[in-house]
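S.K.:
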Ligand SMILES: Cc1cc2nc3c(=O)[nH]c(=O)nc-3n(C[C@H](O)[C@H](O)[C@H](O)COP(=O)(O)OP(=O)(O)OC[C@H]3O[C@@H](n4cnc5c(N)ncnc54)[C@H](O)[C@@H]3O)c2cc1C
């Protein structure tokens, strides 16, 4: 279907974008890669009065080193994330998960910030951002504020972004010396996750010193597998200890049932995928 008519604005700076959003009327939508927004507009599930296209806002693109963190511009495409050396070095989990997002065409247009702002529970990047303790820098008419990943994902397709605000960049703490792995389960290549697990672990002297685990599609928002993280902390790096901890991965989750899987199947699956993800991250 063809989208309903809308006004179109293409700013070149964040300031201009914020102004365009403020002046855009009742219903304004920001356009990043358009890989989620355009289909929704074509189905007329969204009919914004104004579309503010961010593709020419060059300050929102790219990855930079900022001391103890790397900073990823919201408009950095999935393809650019994949070829970035800072991400490979300090947050390889992001690259590994991004490699599983859709196909080359979608990765060429879709953006890191767009995927996070969209907050689809089956999206691969929210759980990764949560596991890595990312921070979200948001710009609005009153200035900038920073929101922790744990507070950014509020509900199904809902984030802490308020009306008139823009996600500008995402700060990811550097985690050198950590092992990381993204384990995704889908039925066919390039499909969305039925369930996926993002694991980051730091080992010391044959034991797991720290573990951070994010779950994809196990509830309306990405979740942390806290019971598993606690069970892993201080545990021996062994197949038995990892399995015992992974068996608790469904605790506190509330997955939905759909044509791909029933909720109880997802709750079983998450224990299997957590075991695989932690085993790989721990280098076993
Ligand atoms: C065929 C197909 C398969 C896919 N498979 C997967 C998959 O396997 N895994 C996966 O994770 N994703 C998948 N995706 C989604 C893909 O990752 C998209 O890139 C992502 O959902 C949206 O990013 P975008 O840049 O295209 O955002 P857009 O579609 O442009 O925007 C999405 C939403 O976010 C808002 N938004 C965007 N940027 C900002 C910003 N800077 N500040 C505030 N709000 C903003 C928009 O207003 C809109 O509401 C798939 C998409 C397609 C089309």
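Numbering (the working numbering), first residue to last: 23 to 306.
Heads up, the beta-carbon is just placed ideally off N, CA and C, and yes, glycines get one too.
1. Taking residue 112 as part of the alpha helix (DSSP H), name the residues at either end of that continuous run.
2. Can you tell me whether residue 23 is buried or exposed, with buried defined as 16 or more other CB within 10 angstroms of its CB?
3. Specify, as a first and last residue, the run of the alpha helix (DSSP H) that residue 36 falls within.
4. For residue 177, collect the residues of the same chain with a Cβ closer than 8 Å to its Cβ; drop the 5 residues on either side in sequence, then sort them by chain order.
5. Could you tell me how far apart the beta carbons of residue 133 and residue 98 are, in whole angstroms, since I believe they sit closer than 8 Å?
6. Could you name the residues of the same chain whose beta carbon sits closer than 8 Å to that of residue 225, not counting the 5 residues immediately before and after it, in chain order?
7. Using 8 Å for Cβ pairs, my map puts residue 293 next to residue 272. What's the rounded Cβ distance?
8. At 3 residues or longer, what runs of the beta strand (DSSP E) sit wholly inside the region 125-194?
9. Would you call the region 101-112 in contact with the region 180-200, where contact means no fewer than 3 C-beta pairs closer than 8 Å?
10. Bridge partners for residue 240 per DSSP, in chain order?
11. I'd like to confirm something about residue 247: is its beta-carbon nearer than 7 Å to some heavy atom of ligand 1, or not?
12. Taking all protein chains shown into account, decide if residue 312 is buried (16 or more other Cβ within 10 angstroms of its Cβ) or exposed.
13. Beta carbon of residue 166, beta carbon of residue 55: below 8 Å?
14. Given 8 Å as the limit, is there contact between the region 66-86 and the region 43-53, that is, 3 or more CB pairs closer than that?
15. Given a threshold of 16 other Cβ atoms within 10 Å of its Cβ, counted over all protein chains shown, does residue 118 qualify as buried or as exposed?
16. Just list the residues that DSSP pairs residue 207 with in beta bridges.
17. For residue 237, tell me which candidate among 151, 81 and 37 has the shortest Cα-Cα distance.
18. By a C-beta neighbour count over all protein chains shown, 10 Å radius and 16 as the cutoff for buried, is residue 65 buried or exposed?
19. What are the boundary residues of the alpha helix (DSSP H) that includes residue 294?
20. Cα separation between residue 297 and residue 42?
21. Taking the beta carbon of residue 276 as the centre, do at least 16 other beta carbons fall within 10 Å, making it buried, or is it exposed?
22. Between the alpha carbons of residue 86 and residue 96, how many angstroms are there, rounded?
23. Looking only at its own chain, which residues have a Cβ that is under 8 Å from the Cβ of residue 129, when we skip the five neighbours before and after it?
24. Work out the CA separation of residue 161 and residue 40 for me, nearest whole Å.
25. Determine the DSSP secondary structure at residue 77, reduced to helix, strand or coil.
26. Going along the chain, which residues of its own chain have a beta-carbon closer than 8 Å to the beta-carbon of residue 147, five neighbours each way excluded?
27. Hey, is residue 78 close to ligand 1, as in C-beta under 7 Å from one of its heavy atoms?
M.R.: Per the coordinate set shown:
1. 107-112 is the span of the alpha helix (DSSP H), which, as asked, contains residue 112.
2. exposed
3. 36-45
4. 242 and 243
5. 6 Å
6. 201, 231, 259, 304 and 305
7. Cβ atoms of residue 293 and residue 272 come within 8 Å of each other, at about 6 Å.
8. 157-162, 165-170 and 175-177
9. yes
10. Answer is none; residue 240 lacks a bridge partner.
11. Residue 247: no, Cβ never under 7 Å from ligand 1.
12. The first residue shown for the chain is 23 and the last is 306, placing residue 312 beyond what the model contains.
13. no
14. Enough Cβ pairs lie closer than 8 Å, so yes.
15. buried
16. 217
17. 151
18. exposed
19. 285-303
20. Residue 297 and residue 42 have their C-alpha atoms some 47 Å from each other.
21. It is exposed - the Cβ of residue 276 has fewer than 16 other Cβ atoms within 10 Å.
22. 12 Å
23. 99, 100, 101, 104, 120 and 123
24. 8 Å
25. Here residue 77 sits in coil by DSSP.
26. 116, 119, 120, 123, 134, 137 and 138
27. no
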